[in-house]
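Novice: Just so we're aligned, residue 2 is where the sequence shown starts under our numbering, counting upward by one.
The structure's right below; bear with me while I get my questions together.
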Amino acid sequence: MKIINKNYQKLLFATVITRFGDAIDTIAFSWLVYVMTGSRALMGTIFAVSIIPNLIILPFSGVIADILDKKIITVLGDVARALSVGVLAILYFYGALEVWHIFMFVIVNSIFESFSDPSRGGMLQSLIMPEDFVKGSSYLQTGSTLGSLVGLSMAGFLIANIGISGTIMIDAVTFLLSGLVILSIKFLDKKEKVETEEDSKIQFFTLVKEGVMYLKDKKFLVSVLILSAFINFSFVPYNVLRPVFVVEVLKLGVEGLSYISVAMLLGVLSGSLIMGKFGEKLNPITALGFGFAMLAICYTTLGIAKYTGLEGFILLAFVLVANFFFGFFIPVITAPLRAITMRETKPEMIGRLSSIMSIISLCAIPLGGVFVSLVGDSISVSILFVLMGVFALTISSRFWFKNRKVVLT
């Protein structure tokens, strides 16, 4: 079965490559930070710092994506991240890596990511027809999940056999391969026209303002993004403290991170396939509200795992099932949100609108990191998961009751 078109397939392949590398790097880097610091407070601080460059740069990178060549920006971003990740791996291999290096790495890598991601995301709209938006988004999510699934399942084996530095270096290689594949894509880039250098200087901030005003008229999108910000805040403890959860609750080592990550991504894969086939038949409001609520319930379930009285393999199975459904409902949220965004956005606006939406969605994450740094060492990880899960369930339920009668155009 042919998946849409050749150039879309290249974007899909590049996504699979990078997600494979990112997946093994995620496990390796999380374990590296936990081993080097051992402090929940410091882990939360590092996580918060990693998001701040996104918030500062994304408005401008979105404009850049709209006025410059999205493909070239994406390729340059991949190459720059390959160099950054490679340097980190070399420092760790020679025993020269220190905590301040980790802070510098997450800042630099976040800067490169902030410049390239709006362009990478904006390429999709120019590669497929409007009637393929839901299908294209879902298949892209599926490919991303497959790459991550393979990477996560191999991460523990790779760390055990080639070490943390070797595992991280694989991520650097995948960025280079992705850049080469993206470079070979042919597509018509629909971008904002800028006549002269002087015009570009004048229009730069004007274009940012236009993006903000354009989004301001999309009331429902704004409400979804505000909800996403709160949900992201509540999920920070899970993202930061998974190594702690694995060690203290499951009594496992680095392999435990692979287990729970694979379970979650199997859920994402299942959810993506279902949304690709049936997503267009679902009410977007219902899908978003139900998806957010179920994420919160799964989060709370992970928190109560320690208090179920289960042990050993049974406890692990309980946690894996919760993580599976945690992942399952992610595409239930993201697929309709992406489709709504692409349908309601002009092609020449997609880059800056995507970046502004990302800022709104991400703005609460540094606060979540600060929250973890303040309370992480004084409260158990299980209690923290329960509290944040209940918080997420409360606000997601409120969103659904408030917006259940909204009619989308």
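Each residue gets a CB set at the ideal place from its N, CA and C atoms; glycine is no exception.
Assess contact between the region 78-90 and the region 298-305, defined as three or more Cβ pairs (one per stretch) separated by less than 8 Å. Is contact present?
Specialist: In short, these stretches do not touch, since the Cβ pair count stays below three.
Novice: Mark Val100 as exposed unless 16 or more other C-beta atoms lie within 10 angstroms of its C-beta, in which case mark it buried.
Specialist: The residue in question, Val100, is exposed, as its Cβ has fewer than 16 Cβ neighbours within 10 Å.
Novice: Can you tell me where the alpha helix (DSSP H) holding Thr38 begins and where it ends?
Specialist: 7-38 is the extent of the alpha helix (DSSP H) around Thr38.
Novice: Kindly indicate which three-state DSSP category Ile305 falls into: helix, strand or coil?
Specialist: Three-state DSSP puts Ile305 in a helix.
Novice: Contact defined as beta carbons within less than 8 Å: I believe Ala365 pairs with Phe234. What is the distance between those atoms, to the nearest angstrom?
Specialist: Indeed, because the Cβ distance is near 4 Å, the residues count as touching under 8 Å.
Novice: Sorted by chain position, which residues of the same chain lie with C-beta nearer than 7 Å to Leu270's C-beta, five sequence neighbours on each side aside?
Specialist: Same-chain partners within the cutoff: Thr143, Thr146, Leu147, Leu150.
Novice: Can you check which of these residues, Leu251, Asn240, Ile52, Lys403, is closest to Glu312 by C-alpha distance?
Specialist: For Glu312, the nearest C-alpha among the options comes from Leu251.
Novice: Could you check what DSSP says for Phe176 in three-state terms: helix, strand or coil?
Specialist: Of the three classes helix, strand and coil, the one that applies to Phe176 here is helix, per DSSP.
Novice: Check whether the region 252-269 and the region 281-293 are in contact - that is, three or more C-beta pairs closer than 8 Å.
Specialist: As far as the Cβ criterion goes, the region 252-269 does not touch the region 281-293, which means the pair count is below three.
Novice: Closer than 8 Å is the cut-off here; do at least three beta carbon pairs connect the region 48-55 with the region 104-122?
Specialist: With the cut-off at 8 Å, the region 48-55 and the region 104-122 touch.
Novice: Classify Phe279 as buried or exposed, calling it buried when 16 or more other Cβ atoms lie within 10 Å of its own Cβ.
Specialist: So Phe279 counts as exposed.
Novice: Please state the DSSP three-state secondary structure of Leu289.
Specialist: Leu289: helix per DSSP, three-state reduction.
Novice: Where Phe228 and Phe94 are concerned, what is the direct C-alpha to C-alpha distance, given to the nearest angstrom?
Specialist: The amino acid occupying residue 228 in the given sequence is Leu; Phe does not appear at that position. Approximately 42 Å between the Cα atoms of the pair.
Novice: Whole angstroms are fine: how far does the CA of Tyr35 sit from the CA of Val174?
Specialist: Rounded to the nearest angstrom, the two C-alpha atoms are 24 Å apart.
Novice: If you compare alpha carbons, which of Ser359, Gly377, Phe372, Met276 is closest to Gly328?
Specialist: Checking every option, the nearest Cα to that of Gly328 belongs to Met276.
Novice: My output table needs one value for Ala365: the three-state DSSP class, helix, strand or coil.
Specialist: Coil, per DSSP.
Novice: Answer yes or no: do Gly370 and Phe48 have a C-beta to C-beta separation smaller than 8 Å?
Specialist: Yes. Within cutoff.
Novice: State the Cα-Cα distance for the pair Leu98 and Met37, rounded to the nearest angstrom.
Specialist: Roughly 9 Å separates the two Cα atoms.
Novice: Buried or exposed for Leu375, going by 16 or more other Cβ atoms inside 10 Å?
Specialist: So Leu375 counts as exposed.
Novice: Assuming Ile361 and Ala230 are in contact, meaning their beta carbons sit under 8 Å apart, how far apart are those beta carbons, in whole angstroms?
Specialist: At roughly 6 Å, the Cβ-Cβ gap stays under 8 Å, so Ile361 and Ala230 are in contact.
Novice: Do you know how far the Cα of Gly22 is from the Cα of Asp172?
Specialist: Cα to Cα, the separation comes out at about 4 Å.
Novice: Just curious, the alpha helix (DSSP H) that Ile396 is in, first and last residue?
Specialist: 382-404 is the span of the alpha helix (DSSP H), which, as asked, contains Ile396.
Novice: I need the DSSP call for Phe116, collapsed to helix, strand or coil.
Specialist: Correct three-state label for Phe116: helix.
Novice: Give the straight-line distance between the Cα atoms of Pro367 and Val241, rounded to the nearest whole angstrom.
Specialist: Distance between the alpha carbons of Pro367 and Val241 is about 12 Å.
Novice: Between which two residues does the alpha helix (DSSP H) carrying Glu256 extend?
Specialist: Counting along the chain, the alpha helix (DSSP H) containing Glu256 begins and ends at 255-279.
Novice: Tell me the DSSP secondary structure of Glu199 in three-state form.
Specialist: Because the pLDDT at Glu199 is just 49, under 50, the model does not fix this residue reliably, and the point stays unresolved.
Novice: Once you ignore the five residues that flank Phe106 on each side, which residues in its own chain have a CB closer than 6 Å to its CB?
Specialist: Counting only Cβ-Cβ distances below 6 Å, and skipping sequence neighbours, we find Leu89.
Novice: Determine the direct distance from the alpha carbon of Gly137 to that of Val333, and round the result to whole angstroms.
Specialist: Cα-Cα distance, rounded: 15 Å.
Novice: Relative to the C-alpha of Ile91, which candidate in Phe61, Ile165, Tyr140, Leu283 has its C-alpha closest?
Specialist: Of the candidates Phe61, Ile165, Tyr140, Leu283, the one whose C-alpha sits nearest the C-alpha of Ile91 is Ile165.
Novice: Does the separation of the CB atoms of Ser259 and Gly157 fall below 8 Å?
Specialist: Yes, these two residues count as a Cβ contact at 8 Å.
Novice: With a cut-off of 8 Å on the beta carbons, I'd call Met44 and Thr75 a contact; round off their distance for me.
Specialist: In fact, because the Cβ distance is near 30 Å, the residues do not count as touching under 8 Å.
Novice: Can you look up Val223 in the DSSP assignment and give me helix, strand or coil?
Specialist: Residue state, collapsed to three classes: helix.
Novice: Using three-state DSSP, classify Val237 as helix, strand or coil.
Specialist: Val237: helix per DSSP, three-state reduction.
Novice: When we look at the beta-carbon of Arg399 and count the other beta-carbons within 10 Å, is it buried (16 or more) or exposed?
Specialist: It is exposed - the Cβ of Arg399 has fewer than 16 other Cβ atoms within 10 Å.
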